[in-house]
Amino acid sequence: MPELPEVETVVRDLRPQLKGRRITSVQVSGLSLRKPWSPGWQDELVGKKMLTVERRGKWIIVRLDTGQHFVLHLGMSGQLTVVNAGEPLQNHVHLILGLNGGKRQLRFRDIRRFGTATLFTDADELECFFTSSKLGPEPFELDADYWKQRLHQADRSLKAILLDQRVVAGVGNIYADESLFQARLQPARLGRDVDDTEANSLRRAVVTVLHRAIERRGSSIRNYIGGRGQRGDYQHEFRVYGRTGEPCPRCRAPIERIRLAGRSTHSCPDCQPPLRIRRRGS
DNA sequence: ATAGGCGCCTGCTGGC
DNA sequence: TGCCAGCAGGCGCCTA
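Residue numbers for the first sequence follow this note's numbering, beginning at 31 and rising by one.
Here it is in structure tokens:
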């Protein structure tokens with residue numbers, strides 16, 4: 031579920047609530063997330079103070095005063111909120127951190143349990159983790175030449191490239207489709223077949239779409255909520271995602287849905303033609 | 001190197 | 001009404 035804009039929203043919501051707070055208790059549901067809990071790490075959190083809350087791709091990173099890094103991924107249905115301890119406990123809450131004497135709680139709710147939570151001993155170990163998973167650059171810091179090169183050397187669809195966290199971190203199914211529409215590029219086009227102008231246009235489209243989605247606090251289709259429990263609003267601005275059969279906002283042609291890179295993919299058959307339109311003769 | 005399939009989970013929707 | 005297939009903001013593993 032959550033892609034970069036949703037994770038960014040959660041991080042911005044949580045930061046003022048967690049920064050400088052001490053973890054006074056830890057409770058777990060007993061059900062493991064995507065990876066089984068490693069024994070004992072929950073207890074290790076107790077007594078630690080949280081210094082910073084940052085985002086990298088779709089990862090949430092909480093730095094502790096011991097130099098340890100508590101790292102979370104929301105998977106498809108993860109929700110991370112800070113609430114008063116008296117708030118009724120929802121189902122599917124798998125981790126509760128008591129804050130400042132237990133008046134407040136950080137709760138990790140994850141219906142499908144595809145999320146993860148890991149404690150890294152220090153910054154180096156975290157860096158190793160990102161390096162070994164080859165996590166790519168943030169979309170807002172994409173170097174134009176790097177991007178062109180990654181596209182041109184890839185013998186696969188633009189959709190698959192956008193979804194590959196090693197090429198660029200944070201883009202998921204919604205924002206891949208919306209970015210390709212914005213750039214007027216067919217999702218099935220191969221990376222090696224786009225020219226420099228198209229590559230640049232896609233790079234800028236990703237940035238524009240993600241910025242706007244962050245402004246709207248992300249997209250809430252079913253489960254997503256921010257760190258204060260509110261839904262996002264960007265789903266009202268989808269131009270192709272989930273709009274199969276509806277008229278294209280630019281040209282009124284019905285939006286098509288195909289399966290690409292194993293995911294539902296939405297595009298306009300006219301605005302995003304399979305081949306470049308030849309202009310003016312030749 | 002790439003695609004495709006599956007598995008990990010729960011919940012919702014639509015068709016019969 | 002119930003049942004069942006198919007679908008869902010992710011990702012890692014396997015095979016061809």
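Cβ coordinates follow ideal geometry from the N, Cα and C atoms, glycine included. This one's a predicted model, so the numbers in the text were calculated from it and none came from an experiment.
By the Cβ-count criterion, D140 is buried, with 16 or more other Cβ atoms from all chains shown falling within 10 Å of its own Cβ. Y176 and S250 have their C-alpha atoms roughly 32 Å apart. The Cβ-Cβ distance between L127 and L75 falls below 9 Å.
Per the coordinates, the alpha-carbon of R143 lies some 28 Å from the alpha-carbon of V236. Here the segment 215-225 lies against the segment 181-198, with 3 or more beta-carbon pairs under 8 Å apart.
Exposed is the label assigned to L61, since fewer than 16 other Cβ atoms lie within 10 Å of its Cβ.
At least 9 Å separates the beta-carbon of G108 from that of Q195. In the DSSP assignment, I90 falls within the unbroken beta strand (DSSP E) covering 89-94.
Here V58 is not near G259, since their CB atoms are 9 Å or more apart. With respect to the 9 Å criterion, L110 and I91 are not classified as neighbours on the basis of their beta carbons.
When C-alpha distances from T96 are compared across P167, R280, R52, the shortest belongs to R52. A straight line joining the alpha-carbon of C301 with that of A283 spans about 9 Å. A direct Cα-to-Cα measurement between G116 and A218 gives close to 50 Å.
Residue burial is scored here from C-beta neighbours: E157 has fewer than 16 other C-beta atoms within 10 angstroms and is therefore classed as exposed.
Between Y205 and L240, the C-beta gap is smaller than 9 Å, which places the two residues in contact. Counting of Cβ neighbours within 10 angstroms places N130 among the exposed residues, the total staying below 16.
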